[in-house]
Amino acid sequence: MTLVIIIAVVVVIAIIWISIYNSLIKYRMQTKESWSQIDVQLKRRNDLIPNLVNTVKGYADFEKTTLQAVTDARTSVNSAQGPAATMAASDQLSGALTHLFAVAEAYPDLKASANFTKLQEELTNTENKIAYSRQLFNTTTASYNTKLQSFPSNIIAGIHHFEPSEFIAVPETEKDVPTVKF
Amino acid sequence: MLYEQIQSNKRRTIVLLVGFLILIGIVGAAVGYMLLNSLTTGIVGALIIGAIYTVIMISNSTNVVMAMNHGKEITQADQAPELWHTVEDMAMVGQLPMPRVFIIDDASPNAFATGNSPKNAAVAATTGLIAIMDRHELEGVIGHEMSHVRNYDIRISTIALALTAAITLLTNLGSNWWFFGSGNRNRDNRDNNSSGGGLQILLFVFSIAVMVLAPLVAAMIQMAISRNREYLADAGSVELTRNPEELISALRKLGSAKPMQNVDPSSAALYISNPLKKKAHLFDTHPPIEERIARLEKM
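Residue numbers (our numbering), protein chains in the order written: chain A, 101 to 282; chain B, -2 to 296.
What follows is the structure, given as structure tokens:
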């Protein structure tokens, strides 16, 4: 009888252990997936920029410094290592692009070009997706980190060396999370 | 809060289905009594039609609802880049699969979501919405619709819509033919002697009452499930976009817009803002826009 009880207890603990371990894996996978979302969008933007630069170059007197800033920022996104540095470089590039589109307002011919309009929509879309995938990354990171710290999953996380995921800082111009209450 | 909302929506879907089947049974009894002088035939017939209709509607809801509302599906980003990309963004940040996207050719700005699960969802926007809203406002509106998808509001409201339309159909049949039906009954009466006359008058009055009340009851049930969800979807939209201002300014534009030209009345509750002309309070499909804005401003 005692043997049966011991076996039952061991089995129950094993089941709990496995299910917590699996849910930790799932949460960690979600943070990785949402990071790869960001990565995809960053690459996509970097692919679009040469097109944009070529389109804009055609307009003779377009500010060289603005274009240079975009090209430089693109290079630094490519060479940045690790999430924090990559996102800092990405913010630089976002700023440079915003400036470029603001300057473009002064060029009616450029604005009328179908190619430019299309690129502008594509880049706006990519910028939005970067912002939203970053938000998603922070959401998944928050749930994963909460899981790592709460009982009893923290014990299993400790034994199996799950490392907390790091948040990506949101630039100051972006809005705070409002509290949703009713 | 989200989890409870989803659970409660799934539970209420069942309650609603059962409630509507009972109601359809009653209406069927009334119609059957007037047309065929038989309560059972009416009840059985209505339940069979109701069941077939419900199954078809649930399995094919998106296409049916879109056809009712003249929505045209778009399958590529180029067809409406702003709308397509906004839906993509909101689906991504809400961790939902990309829904099907439809456009309704109507100058009045409006939007709705339908489908029976997040995997099987669709979002529709009018051409007026795309024209009038800037990108941020569009995000607010689409965020609201994607919250309906995530909360399973789409399942309950699509089923409610299907069943309301079925009841309306049944009672229309009944009220169009009741002269014909009552003629039949009088003839039968004479043959059978007039011993059951008192009961027949009672049933006759009951039939008329059901025919008048059923569409009202159906409409009220549909609206009862829809009003609070609008506040929740507004909150959900803000959770996705992190910006209440976008939705507030979108709602202001929606509030001052003209009614839609060619809207299916039983779909009215699906839309983000009431697409019909203003009516009495009891039958409002939506909470007042000012109240929604006031709640958003408190966030």
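C-beta atoms are modelled at their ideal positions from N, C-alpha and C, and glycine is treated no differently.
Using a C-beta cut-off of 8 Å, the segment 102 to 119 of chain A makes no contact with the segment 206 to 224 of chain A, since fewer than three inter-stretch Cβ pairs fall below that distance. Residues of the segment 96 to 109 of chain B with a C-beta less than 9 Å from any C-beta of chain A: none at all. Under the 9 Å criterion on CB atoms, T224/A is classed as interfacial with respect to chain B. When Cβ-Cβ separations below 9 Å define contact, M130/B makes no contact with chain A. Boundaries of the alpha helix (DSSP H) harbouring F201/A: G182 to A204, taken from the DSSP string. Within the segment 18 to 88 of chain B, the complete beta strand (DSSP E) runs of at least 3 residues fall at 68 to 71. The segment 208 to 215 of chain A makes no contact with the segment 224 to 242 of chain A; the number of CB pairs closer than 8 Å stays below 3.
With a minimum length of 4 residues, the unbroken runs of alpha helix (DSSP H) contained wholly in the segment 207 to 273 of chain B fall at 224 to 238 and 241 to 252. Fewer than three beta-carbon pairs drawn from the segment 108 to 122 of chain A and the segment 67 to 87 of chain B are found closer than 8 Å, and the two stretches are therefore not classed as touching.
The C-beta distance from L158/B to V52/B rounds to 15 Å, too long to meet the 8 Å contact threshold. Between M130/B and A247/B, the beta carbon gap of about 6 Å places them in contact (Cβ cut-off 8 Å).
In this structure I45/B does not touch G22/B by the C-beta definition: roughly 11 Å separates them, more than the 8 Å allowed. For the pair G42/B and M87/B, the CB atoms are not nearer than the 9 Å cut-off.
F216/A sits in a helix when the DSSP states are folded into three classes.
Here DSSP, grouped into helix, strand and coil, assigns I101/B to strand.
The C-alpha of A121/B is placed about 17 Å away from the C-alpha of I153/B. Sequence-distant partners of I286/B (beyond 5 residues in either direction) whose C-beta falls short of 6 Å from its own C-beta, in its chain, are L248 and G252. Taking all protein chains shown into account, P106/B has 16 or more neighbouring C-beta atoms within 10 Å of its C-beta and is therefore buried.
Neighbours of V90/B across chain A, judged by C-beta separation under 7 Å: Y232, Q235 and L236. Counted as a single uninterrupted DSSP element, the alpha helix (DSSP H) harbouring G140/B occupies residues R132 to R147. Nearest in C-alpha terms to A189/A, of all of T241/A, W117/A, R145/A and E263/A, is R145/A. At least one CB atom of chain A sits nearer than 9 Å to the CB of D86/B.
For the segment 115 to 138 of chain A, residues whose beta-carbon sits nearer than 8 Å to a beta-carbon of chain B comprise Q137.
Within 8 Å of the CB of E221/A, the CB atoms of chain B belong to P78, E79 and H82, in sequence order along the chain. Annotated three-state conformation of F109/B is strand, per DSSP. A108/B has its alpha-carbon roughly 14 Å from the corresponding atom of N259/B.
In this structure, the straight-line span from the alpha carbon of T240/A to that of R239/B is close to 16 Å. Contact with chain B is absent for N151/A, since none of that chain's Cβ atoms lies less than 9 Å from the residue's Cβ. A122/B sits in a strand when the DSSP states are folded into three classes. Check the Cα spacing between I268/A and each of A231/A, S250/A, S253/A and I255/A: the tightest is with A231/A. The beta carbon of D261/B sits closer than 6 Å to the beta carbons of M65 and N66 from its chain, once the five residues preceding and following it are set aside; these are given in chain order. Your pair L124/A and A206/A does not check out as a contact, with CB atoms roughly 54 Å apart and the cut at 8 Å. Note that the segment 160 to 167 of chain A does not touch the segment 129 to 138 of chain A; fewer than 3 beta-carbon pairs, one per stretch, sit closer than 8 Å. Exclusion of the five residues before and after L142/A leaves V177, T186, S190 and I230 as the residues of its chain whose Cβ lies within less than 8 Å of its Cβ. Our two residues, E294/B and L213/B, have alpha carbons roughly 34 Å apart in a direct line. One finds nothing in chain B with a Cβ atom closer than 9 Å to the Cβ of K164/A; even the nearest lies about 30 Å away.
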